[in-house]
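Residue numbering for the sequence shown follows the numbering used here, beginning at 3 and increasing consecutively. Every residue, glycine too, gets a C-beta built ideally from N, C-alpha and C. If you're wondering where the values come from, they're calculated on a predicted model, not measured in any experiment. Quick notes on the structure that follows.
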Amino acid sequence: MIPSIPSIPSIPSIPSIPSIPSSTSSTLTSPIMRAARAIAHTNIALIKYWGKRPGAPDQNLPAVGSLSLTLERLRSDTTVGPAERDSFILDDIAEGMPGFDTSAAAKVFRHLDRVWSAAHTTPRPACAVISYNHLPTAAGLASSASGFAALTLAAAASFHLDLTGRHDRGALSALARRGSGSAARSLWGGFVRLDRGERADGADCRAHPLFSQDHWDLRLLVVHTAKGKKPVGSTDGMQRSADTSPYYPAWVATSEADLNAGERALADRDLAALGAVMEHSCFKMHSCMLATVPPLLYWNGTTLAAIQEVWEARRQGLEAYVTSDAGPHVKVLCRPEVAGPLAARLAAVPGVHTVDTLAPGPDATVELL
Ligand code: PMV
3 MIPSIPSIPS
13 IPSIPSIPSI
23 PSSTSSTLTS
33 PIMRAARAIA
43 HTNIALIKYW
53 GKRPGAPDQN
63 LPAVGSLSLT
73 LERLRSDTTV
83 GPAERDSFIL
93 DDIAEGMPGF
103 DTSAAAKVFR
113 HLDRVWSAAH
123 TTPRPACAVI
133 SYNHLPTAAG
143 LASSASGFAA
153 LTLAAAASFH
163 LDLTGRHDRG
173 ALSALARRGS
183 GSAARSLWGG
193 FVRLDRGERA
203 DGADCRAHPL
213 FSQDHWDLRL
223 LVVHTAKGKK
233 PVGSTDGMQR
243 SADTSPYYPA
253 WVATSEADLN
263 AGERALADRD
273 LAALGAVMEH
283 SCFKMHSCML
293 ATVPPLLYWN
303 GTTLAAIQEV
313 WEARRQGLEA
323 YVTSDAGPHV
333 KVLCRPEVAG
343 PLAARLAAVP
353 GVHTVDTLAP
363 GPDATVELL
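Listed below in structure tokens is the structure:
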């Protein structure tokens with residue numbers, strides 16, 4: 003089960019760790035920054051991204067575009083505010099507490115630097131970041147997508163970026179991409195396309211919304227087949243595939259056609275066409291991963307059993323299609339009326355922990371505190 007965490011988190015008061023003041027005192031607003039809170043929902047790629055363009059690692063430029071569905075409920079809720087020194091609290095775990103992830107904190111502070119320097123030349127002020135992930139972290143459910151999208155939006159508002167002008171959502175999407183490629187897509191709800199772009203500075207590598215949340219009432223089932231973190235992170239895995247997989251060039255060369263086919267199928271609300279290209283993109287990506295040296299095998303036996311169960315159900319008239327990311331879980335796309343019976347079948351597959359049923363989710367939001 004995805005833990006149910008209250009949607010409006012209380013800001014924890016932990017001695018000796020600077021936290022964002024809960025009053026609206028003048029410390030919350032300063033000429034250089036103020037406290038802001040953003041909520042961004044995670045997304046699942048229907049047409050996948052795997053691999054980065056060479057050079058400019060800090061730009062994090064994908065080798066291929068991608069097309070995603072933003073999901074309801076699964077989200078990151080992030081507050082950025084002024085502080086005496088940088089601090090990061092994730093799901094109530096602060097520095098010095100068991101389970102605190104120092105490298106995740108370093109990535110967060112690095113990302114704050116990027117957002118700050120988009121509009122300022124002075125040194126970045128210290129920040130307190132408090133974040134809640136209402137989804138399992140690093141288990142193949144892309145907490146990095148919602149996490150970096152929410153962080154980008156909260157920081158941009160906090161740092162007085164011009165959100166209706168030079169730093170509109172498109173520009174923020176390009177900034178979010180530098181934290182995580184999939185995060186570029188989580189600024190919007192519904193169906194989103196991230197373009198590969200051509201420019202070395204990444205300015206044209208940003209996502210844009212294709213269709214809003216209510217364009218097409220689909221369901222995505224998330225079939226959990228394991229617990230815990232994935233063994234190889236996506237950045238390392240992508241580098242290994244680019245370096246060693248003989249299928250990598252073919253993967254890159256055929257992506258654009260899949261993106262266009264996916265976009266067309268979405269426009270037509272043609273589930274058979276969308277499902278076909280979605281599965282093709284997924285299995286091409288995993289073939290490329292499997293042909294990496296050493297192999298990248300993110301699946302387990304239950305992953306395969308769940309995929310086969312979906313295909314068997316489809317043969318029997320329950321129309322549904324699978325996809326899977328850099329992790330063992332299976333995501334299944336179907337119409338709402340199919341979701342209930344299919345979820346029941348998948349929950350009965352030995353090894354399946356839980357099945358969540360999710361509708362399309364909303365745009366990311368931000369508020370000043
Ligand atoms: O952007 P990252 O590092 O979360 O990588 C995403 C990679 C996949 O989830 C496998 C595919 C995708 O497009 O989301």
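Whose CA, out of the options, lies closest to the CA of residue i?
i, options, result
"Ser105", "Ala228, Gly53, Gly181, Ala278", "Gly181"
"Ser145", "His43, Ala120, Phe90", "His43"
"Arg208", "Val194, Met291, Arg221", "Val194"
"Ala350", "Val312, Pro248, Leu73", "Val312"
"His331", "His122, Arg112, Leu222", "Leu222"
"Gly149", "Asp93, Met99, Ala263", "Asp93"
"Gly101", "Gly67, Ser78, Lys231, Thr81", "Lys231"
"Arg171", "Gly183, Phe161, Leu189", "Leu189"
"Ser289", "Ala244, Val368, Asp272", "Ala244"
"Val340", "Thr246, Glu258, Leu320", "Leu320"
"Ala151", "Gly167, Ala176, Pro33", "Ala176"
"Ser133", "Arg271, His122, Ser89, Thr124", "Ser89"
"Gln318", "Ala278, Glu74, Trp301, Leu344", "Leu344"
"Pro248", "Tyr51, Met291, Gly167, Ala259", "Met291"
"His122", "His169, Val357, Ile91", "His169"
"Trp52", "Asp358, Gly342, Ser326, Thr304", "Ser326"
"Trp301", "Gly353, Leu371, Glu258", "Gly353"
"Pro233", "Ala259, Pro296, Tyr250, Ala274", "Pro296"
"Asp358", "Ile41, Pro33, Glu74", "Glu74"
"Pro33", "Ile95, Thr124, Arg55, Ile41", "Thr124"
"Arg55", "Ala259, Val324, Tyr250, Gly342", "Tyr250"
Within 10 angstroms of its Cβ, does residue i collect 16 or more other Cβ (buried), or is it exposed?
i, result
"His355", "exposed"
"Ala366", "buried"
"Met35", "buried"
"Gly235", "exposed"
"Glu265", "buried"
"Gln61", "buried"
"Gly142", "Residue placement at Gly142 is flagged as unreliable, the pLDDT there being 49, under the threshold of 50; the coordinate-derived value follows with that caveat. Label assigned to Gly142: buried."
"Pro84", "buried"
"Pro5", "Only weak support is given to the placement of Pro5: the predicted model assigns it a pLDDT of 37, under 50, and the value that follows is read from those uncertain coordinates. Burial call: exposed."
"Ile10", "Here Ile10 scores only 31 on pLDDT, less than 50, and its place in the model is too uncertain to base an answer on."
"Asp79", "buried"
"Thr294", "buried"
"Pro211", "buried"
"Met99", "exposed"
"Gly67", "buried"
"Arg87", "exposed"
"Thr72", "buried"
"Leu114", "buried"
"Ala173", "buried"
"Gly57", "exposed"
"Ala269", "exposed"
"Asp272", "exposed"
"Asp219", "exposed"
"Thr304", "buried"
"Leu370", "exposed"
"Ala263", "buried"
"Ala96", "buried"
With C-beta atoms as the reference, is residue i less than 8 Å away from residue j?
i, j, result
"Arg337", "Leu298", "no"
"Leu360", "Leu137", "no"
"Arg112", "Trp118", "no"
"Leu165", "Val131", "no"
"Ala120", "Leu163", "yes"
"Ala38", "Ser160", "yes"
"Arg198", "Ser70", "no"
"Ala108", "Ala147", "no"
"Gly191", "Gly363", "yes"
"Pro59", "Leu196", "no"
"Ala374", "Val334", "The structure shown does not extend to residue 374, since the chain is modelled only from 3 through 371, so no value can be given for it."
"Val82", "Ala178", "no"
"Gly239", "Ala328", "yes"
"Leu2", "Ala267", "Given a span of 3 to 371 for the chain in the structure shown, any question on residue 2 remains unanswerable."
"Ala374", "Val279", "Residue 374 lies beyond the stretch modelled for the chain, which goes from 3 to 371, so this question has no answer here."
Kindly examine the ligand NAP and report whether one of its heavy atoms sits closer than 7 Å to the Cβ of residue i.
i, result
"Gly183", "What this structure holds is the ligand PMV, not the ligand NAP."
Could you say if the segment 33–49 and the segment 278–285 meet the contact criterion of at least three C-beta pairs nearer than 8 Å? yes
Taking 8 Å as the cut-off, does the segment 199–206 touch the segment 243–262 (at least 3 CB pairs, one atom from each stretch)? The segment 243–262 is not in contact with the segment 199–206.
The segment 294–308 touching the segment 218–231, judged by at least three CB pairs closer than 8 Å: yes
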